[in-house]
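In case it helps, the numbering used here puts the sequence shown at residues 420 to 629. Structure first, then comments.
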Amino acid sequence: MKLILLGAPGAGKGTQAEILSAKLNIPTISTGNILRAAIKEGTPIGLEAKSYMDAGKLVPDSVIIGVVAQRLEQPDCAKGFILDGVPRTTGQAEALDKAGVTFDHVLSIEISDAEIEERMSGRRVCQSCGAPYHIKAKPPKQEGVCDSCGGQLVQRADDAAETVRKRLEVYHGETEPLKGFYEAKGILAPVANQDTIEGTNRVIMEALGL
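Structure representation (structure tokens):
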């Protein structure tokens, strides 16, 4: 089964991809991971990506899609895969089409901006051991102090309300139009976010007919 997971930053795509990967026994293909692997292995397309990154430039769509297409030819993708982090734009989706990469389902996790802001701006992480917390969903026993090691809990810059709002703006402007692109192909399945990870996964499995 060949899948794409769409959704705003903080919608839980990574968590759901992990669960689906284990349930369906197919790999999750993360753009960041495969770019790093291609660079480490010194493949021609990896070296091309590195030249842009070293110059502090964005890696062009053609190179990203080339790296993805190369990764999908590996034997572990024979039964399917889950794409995480790509496509981000309709331009990338069109490039995947041209590269002959097809999908069975595109799942879009639907969650309001207000919920995303509450979810992400409430996240805290221990400065010492990295243990994750949430001021509402998973608060520490003592405010600002890690239960495990007594370290100080901090908010990552990525989770600050202003940063979250900017990331949501980018998502709505650049990535959300993908829903229309895949809806036109008849493979988009909107998934209503549930109160629990298990609940959302149950809705996803129903959308896949499993």
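Just so it is clear, CB atoms sit at the ideal spot from N, CA and C, and this is done for glycine as well. None of the values given here were measured: they were computed from a predicted structure.
Which residues in the same chain have their Cβ closer than 7 Å to the Cβ of P558, if we skip the five residues on either side of it in sequence? Y552
Provide the residue span of the beta strand (DSSP E) that contains L491, from first to last. No beta strand (DSSP E) contains L491, which DSSP labels as neither H nor E.
Between the alpha carbons of I616 and L477, how many angstroms are there, rounded? 33 Å
Per DSSP, P551 is paired with what? V544
Hey, quick one: how far does the beta strand (DSSP E) through S449 stretch, first residue to last? 447–449
Just grab the DSSP bridge partners of Q561 for me. Paired residues: V564.
By Cβ distance below 7 Å, which residues in the same chain neighbour P446 in space, the five residues on each side in sequence not counted? S440, D495, C496, F500
Simplified DSSP assignment, three categories, for D473: Of the three classes helix, strand and coil, the one that applies to D473 here is helix, per DSSP.
Whose CA, out of K421, N620, D614, G451, lies closest to the CA of V520? The option with the nearest alpha carbon to V520 is K421.
Sorted by chain position, which residues of the same chain lie with C-beta nearer than 6 Å to K498's C-beta, five sequence neighbours on each side aside? I445
L515 versus A580 - alpha carbon distance: 33 Å
How should K432 be labelled, buried or exposed, when 16 other C-beta atoms within 10 angstroms of its C-beta is the threshold for buried? Burial state of K432 is buried, judged by a 10 Å Cβ sphere holding 16 or more other Cβ atoms.
If you follow the alpha helix (DSSP H) that A556 is in, where does it begin and where does it stop? Where A556 is concerned, there is no enclosing alpha helix (DSSP H), because DSSP gives it neither an H nor an E.
With a Cβ-Cβ cutoff of 8 Å, do N612 and I554 count as a contact? no
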